[in-house]
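In what follows, a single structure is set out as structure tokens and then discussed.
In this note's numbering, the protein residues as written are 66 to 244.
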């Protein structure tokens, strides 16, 4: 199984994007893995754009064909509104929201790879899950590269028909609840 950390943290953005795109192109890959790989391609390609390793033309070419397909985002901590401005987290201001935004940034939070706008299939009570990890799966509805071609804020993605799978953070083997 390909781990997010193996592709997105231990390689440069360019190498990780190339590796994920290569895995995605292989036949016989399960739909679940394809959804994860699509997100890895989005995230790592945006990261490569932010460092200058790729330009926006490569971003557009690499993400072409992803709209209408499923994506699975990596586990992110669920936090409440008392911690505003957090990146790489599911921040809740309305515990029964049906839509929210996640800011996907690089490891040092100095560049924003994507604003990820999520529309859930149904309202989920997120409050009981504060402190847990949430992984979002849904259909990629739109990919919108920054028209200013700024490397500090690369793109926006819109995910619809989404669900969240929760797991306990760092408490041994994950217990997953799919909503």
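Even for Gly, the Cβ is constructed at its ideal location relative to N, Cα and C.
With C-beta atoms as the reference, is residue i less than 8 Å away from residue j?
i	j	result
residue 198	residue 140	yes
residue 106	residue 135	no
residue 227	residue 142	no
residue 171	residue 115	yes
residue 79	residue 119	yes
residue 181	residue 229	no
Run through DSSP, which three-state label would residue i get?
i	result
residue 153	coil
residue 127	helix
residue 70	Note that residue 70 scores a pLDDT of 43, beneath 50, so its modelled location is shaky and nothing firm can be said.
residue 83	helix
residue 245	Residue 245 lies beyond the range of the chain shown here (66 to 244); nothing can be said about it.
residue 241	Reliability fails at residue 241, whose pLDDT of 47 lies under 50, so the model's placement of it is uncertain and the value that follows must be treated cautiously. Reduced to three states, the DSSP call for residue 241 is coil.
residue 75	Confidence is the limiting factor: at residue 75 the pLDDT is only 44, short of 50, which leaves the residue's position unreliable and the question unanswerable from this model.
residue 145	strand
Among the options, which residue has its Cα nearest to the Cα of residue i?
i	options	result
residue 209	103, 87, 231, 124	124
residue 232	207, 206, 201	201
residue 86	115, 178, 130, 143	130
residue 49	164, 203, 224, 178	Because the chain in this structure spans residues 66 to 244, residue 49 falls outside the shown range and cannot be described.
residue 174	218, 93, 96, 90	218
residue 260	227, 228, 212	This structure cannot speak to residue 260, because the chain is shown only from 66 to 244.
residue 163	152, 89, 187	187
residue 84	182, 108, 95	108
residue 128	220, 156, 146	220
residue 169	184, 152, 185, 158	152
residue 155	176, 132, 183	183
Following the continuous beta strand (DSSP E) through residue i, name the residue where it begins and the one where it ends.
i	result
residue 161	Taken as a continuous stretch (DSSP letters only), residue 161 belongs to no beta strand (DSSP E), as it is neither H nor E.
residue 226	218 to 232
residue 200	198 to 210
residue 184	177 to 185
Inside the stretch 88 to 143 only - alpha helix (DSSP H) runs reaching at least 4 residues: 96 to 116, 121 to 128
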